[in-house]
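Notes to accompany the following structure.
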Amino acid sequence: MSKGLPKRSEDYSLWYNELVKRADLAENSAVRGCMVIKPYGFSIWEKMQAELDRMFKKTGHSNAYFPLFIPKSYLSKEASHVEGFAKECAVVTHYRLKSDPSGKGVIVDPEAALEEELIVRPTSETVIWSTYKNWIQSYRDLPLLINQWANVVRWEMRTRLFLRTSEFLWQEGHTAHETKKEAEEETIRMLNVYAEFAENFMALPVIKGIKSESEKFAGAEATYCIEGMMQDGKALQAGTSHFLGQNFAKAFDVKFATREGGLEHVWGTSWGVSTRLMGALIMAHSDDQGLVLPPKLAPIQVVIIPIFRRDEELEAIRVKAGEIMESLEDLGISVKFDDRDTHKPGWKFAEYELKGVPLRLGIGPRDLENQTVEMARRDNLTKSVVQLENENLPALIKKTLADIQENIYRKAHAFTLEKTTKADTWEEFIDILENKAGFVSAHWDGTEETEERIKEQTKATIRCIPLDQIPEQGKCILSGKPSKGRVLFARAY
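Using this note's numbering, you'd call the opening residue of the sequence shown number 68 and step up by one each time.
This is the structure we're talking about:
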């Protein structure tokens, strides 16, 4: 199945694109810039979605849904917000088509122009805060903790499956609070939720930090993020959490009666992750044989493949496989028995290796005779023979899946450490970017001018100012001006 899959070391970009397609995750759509997420890819997203949704609800949030269309005037109410998204907006100008008088299909009816043009949702702050004005009157209505699962449109000229498409799926949280302190605490709380999900479920080590002024979300007072390291040495922003201050509350006049009898604007946050996480999952762990999926997010955690020549052999194997499946399902493990007779066992082995199924069990007539099963791990490609009569076989499989999850994280964590390097001079900075890649920890003078010059000369950006940054006097690698601490630079997706 993976025959001909490009090698990461030779062409990482081609390897990624081919893997996404061959593993049946997604494909390009007939609609330019959009993708079709195929069933196997969507089942991974569903597992991500289910776990995140559980975590959101555990922290007190409820789901709601808001309109896809946003009146153009709404975007104009928050100046920095509209400036940040203006170039990416898709605009609806008419509400009707009509038959082309020439008989060649349909045309836009010029008589059906909208009184006010509508923006196809690039993000929902404006339409949600216009709604919150009606929902919030008193401190008793706060905090308001809302999440939305939706699709978003941001027009892209250069697209890449999961990483950058004109339409993508995401969740966006929008909360309103009585005090600045509560809103800031919510911002950090949700950043920590994202970090926990990335590390415990995606097996992706991340660095938590705050964005520089030039990199923060349009309309936010501060943007916090988690950054992961991909195998090609590029960083990927895996999630963001924004402290909005009172910006949107003031733009949409969302006020509440205080406990003291006054009237004040509420404090807000917003936070989100998207199907971009799929790209991170693929690029952080997969190899030249195909996907490597952490068991906690694998749609199929264990696949059982029968090795047979005659129907009676298959029937005997099916009985034993059924017993194994029942015991594994009782432990909450997802398992598939692939008894298709249209493909040979070797083809199936390659298929499930390509699709990243964490654990493969092979059973043939000789295995039944010897009461054994061959167990193959996807993460390290090792095989072992296990006794079928072992009453602890289900527990052994469960422990092995946990070991696989931990090993995938451990490997990614070691790689991230290896790809994080300090630079004290401009020459060192350039050398690391060109010859080692990864995160570069370096001093910066805090000015947007220097940040932009570094970006123009190297294509590296400040990924974040780490939350665990240690105060350290130094000199900016480019300007030589004083610096109070190191920040993380990297080339990024």
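Ideal Cβ placement from N, Cα and C applies to all residues, glycine included.
Identity of the residues DSSP links to K403 by a beta bridge = V370
key: Inter-residue CB distance, A559 and L303 (contact presumed, cutoff 8 Å)   = 6 Å
task = Check whether the Cβ atoms of G335 and E239 lie closer than 8 Å to each other.
result = no
message = Would A365 and G423 be called neighbours here (beta carbons separated by less than 8 Å)?
response = yes
Delimiting residues of the beta strand (DSSP E) encompassing E441 = Start and end: 439–444.
ask   = Which class does Y291 belong to by DSSP, given the choice of helix, strand or coil?
value = strand
query = Rounded C-beta distance between I293 and A270? I'm assuming under 8 Å.
reply = With a Cβ gap of about 14 Å, I293 and A270 do not count as contacting.
When E178, K317, Y291 are compared against A146, the one with the closest alpha-carbon = The shortest C-alpha separation from A146 is found at K317.
inquiry  = Between the alpha carbons of Y83 and A443, how many angstroms are there, rounded?
reply    = 24 Å
ask   = Which residues in the same chain have their Cβ closer than 6 Å to the Cβ of I372, if we skip the five residues on either side of it in sequence?
value = D405, P412, K415, G429
N201 versus V554: straight-line alpha-carbon distance, rounded = 42 Å
ask   = Does DSSP classify N267 as helix, strand or coil?
value = Helix, per DSSP.
key: Through-space distance from K301 to R188, alpha-carbon basis   = 29 Å
task = Rank S191, E380, D355 by C-alpha distance to the C-alpha of D78 and give the top, closest one.
result = D355
query = Does DSSP put G328 in a helix, a strand or coil?
reply = coil
ask   = What is the DSSP secondary structure of G541, counted as helix, strand or coil?
value = strand
task = Could you name the residues that DSSP lists as bridge partners for Q238?
result = Paired residues: W216, V340.
task = Give the DSSP-derived three-state secondary structure of H128 in the structure shown.
result = Three-state DSSP puts H128 in coil, outside helix and strand.
inquiry  = Assess contact between the region 162–175 and the region 105–122, defined as three or more Cβ pairs (one per stretch) separated by less than 8 Å. Is contact present?
reply    = No, the region 162–175 does not touch the region 105–122.
key: Delimiting residues of the alpha helix (DSSP H) encompassing V193   = Sequence check: residue 193 is Thr here, not Val. Note, T193: alpha helix (DSSP H), 192–202.
message = I'd like the span of the beta strand (DSSP E) that includes A559, first residue to last.
response = Counting along the chain, A559 falls outside any beta strand (DSSP E), and DSSP gives it neither H nor E.
message = Between L435, A462, T409, E327, which has its C-alpha nearest E380's C-alpha?
response = The shortest Cα separation from E380 among L435, A462, T409, E327 belongs to L435.
query = Do A90 and G357 have their C-beta atoms closer together than 8 Å?
reply = yes
query = Is the region 457–470 in contact with the region 378–395, if contact means three or more CB pairs nearer than 8 Å?
reply = Yes: the two stretches touch, three or more of their Cβ pairs being nearer than 8 Å.
request  = Measuring alpha carbon to alpha carbon, tell me which of F496, K322, V452, R433 ends up nearest L209.
outcome  = Nearest neighbour of L209 by Cα position, chosen from F496, K322, V452, R433, turns out to be K322.
task = Within its chain, find whatever has a CB closer than 7 Å to the CB of T487; leave out the 5 residues flanking it on each side and keep chain order.
result = G505, F506, S508
query = Whose C-beta lies closer than 7 Å to the C-beta of V220 among residues of the same chain, with five residues either side of it excluded?
reply = A157, V187, R188, P189, S233, E234
ask   = In terms of residue numbering, what span does the beta strand (DSSP E) encompassing L426 cover?
value = 426–430
query = What is the DSSP secondary structure of L311, counted as helix, strand or coil?
reply = strand
query = Is the distance from the Cβ of G552 to the Cβ of I529 below 8 Å?
reply = no
Distance, D176 Cα to L164 Cα = 5 Å
query = What separation, rounded to the nearest whole angstrom, lies between the Cα atoms of E485 and L421?
reply = 27 Å
task = Flag this pair as yes or no: are the beta carbons of C543 and D512 separated by less than 8 Å?
result = yes
ask   = Alpha carbon to alpha carbon, how far is A527 from E331?
value = Straight across, the Cα-Cα distance linking A527 with E331 is about 42 Å.
ask   = Helix, strand or coil: how does DSSP classify S169 here?
value = coil
request  = Would you list, in sequence order, the uninterrupted beta strand (DSSP E) runs of no fewer than 3 residues that lie entirely inside the region 467–544?
outcome  = 487–490, 506–510, 528–533
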